[in-house]
């Protein structure tokens, strides 16, 4: 369900992809609304502080508005970062799952049902294992449908590559037992895993490269704050004579 279909103010206040992200993170409708309400409450505190400062000097109201906007966007950015990190971990776990799957499929007389049951014992507790358990149940209920395989791919990974992998696996079971198909799937799984490792390396390098920038920004803020406090002190001393 897209956000455009909703009518409440909480959905209209949300960024275009916020509802989709939270839904994929497991939020239901009630949790989403509560998330937005908490977001508004936090921003309202800054607006209230701005109004209080406005009694001292009207332009100071802008401070509250700026801080409220910063808080609003900051919560969204943190949520987006958490979502991207969760999706990346999910895709990496799925890639590991596919790599573990291939050797079992290459065994003689292997069936998907038996292989998946063996994988349940090997997988660590988590999202992919839960999805696989549901897939086994759906395979029993709908043995001639590829929809359970698509559903598993979308829930366990959410990528087009995962859907392609699982639908190919279904076709292999239904129409052919050519081992070359499994070999190709093995290559696909290896490429996905290596791509995931490369992304981890790039992420670590980006964080390392950003560290000097963060240190510099902190130093600038400290110096800037000191300059402002010094200016206020001198202004009071020499112009107002209050010190």
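Residue numbers (this note's numbering): 14 to 256.
Every residue, glycine too, gets a C-beta built ideally from N, C-alpha and C.
Please read all numbers here as calculations on a predicted model, not as lab measurements.
Alpha helix (DSSP H) segment containing residue i, residue limits
i: residue 49; result: 42-69
i: residue 187; result: 173-188
i: residue 123; result: Run containing residue 123: none; DSSP gives neither H nor E here.
i: residue 169; result: 160-169
i: residue 77; result: 74-118
i: residue 25; result: 22-26
i: residue 157; result: No alpha helix (DSSP H) contains residue 157, which DSSP labels as neither H nor E.
i: residue 33; result: 31-37
Same chain only: Cβ atoms within 8 Å of residue i, ignoring 5 sequence neighbours per side
i: residue 155; result: 161
i: residue 145; result: 110, 129, 132, 133, 136, 165 and 169
i: residue 28; result: 89
i: residue 100; result: 37 and 171
i: residue 21; result: 46
i: residue 157; result: 187
Exposure label - residue i; buried when at least 16 CB within 10 Å
i: residue 152; result: buried
i: residue 71; result: exposed
i: residue 68; result: exposed
i: residue 118; result: buried
i: residue 108; result: buried
i: residue 50; result: exposed
i: residue 61; result: exposed
Integer Cβ distance of residue i from residue j, believed to fall under 8 Å
i: residue 64; j: residue 74; result: 6 Å
i: residue 96; j: residue 34; result: 4 Å
i: residue 120; j: residue 172; result: Rounded, the Cβ-Cβ distance is 27 Å, inconsistent with contact.
i: residue 125; j: residue 89; result: Rounded, the Cβ-Cβ distance is 41 Å, inconsistent with contact.
i: residue 180; j: residue 159; result: 6 Å
i: residue 106; j: residue 53; result: At roughly 35 Å, the Cβ-Cβ gap does not stay under 8 Å, so residue 106 and residue 53 are not in contact.
i: residue 167; j: residue 176; result: 7 Å
Own chain residues within Cβ distance below 7 Å of residue i, not counting five before or after
i: residue 56; result: 81, 84 and 85
i: residue 257; result: Outside the displayed range of the chain (14 to 256) lies residue 257, so it cannot be described from this structure.
i: residue 36; result: none
i: residue 199; result: 115
i: residue 26; result: 49
i: residue 66; result: 73, 74, 76 and 77
Spatial neighbours of residue i in its chain, beta-carbon cut-off 6 Å, leaving aside the 5 residues before and after
i: residue 185; result: 194
i: residue 92; result: none
i: residue 149; result: 129
i: residue 42; result: none
i: residue 163; result: 176
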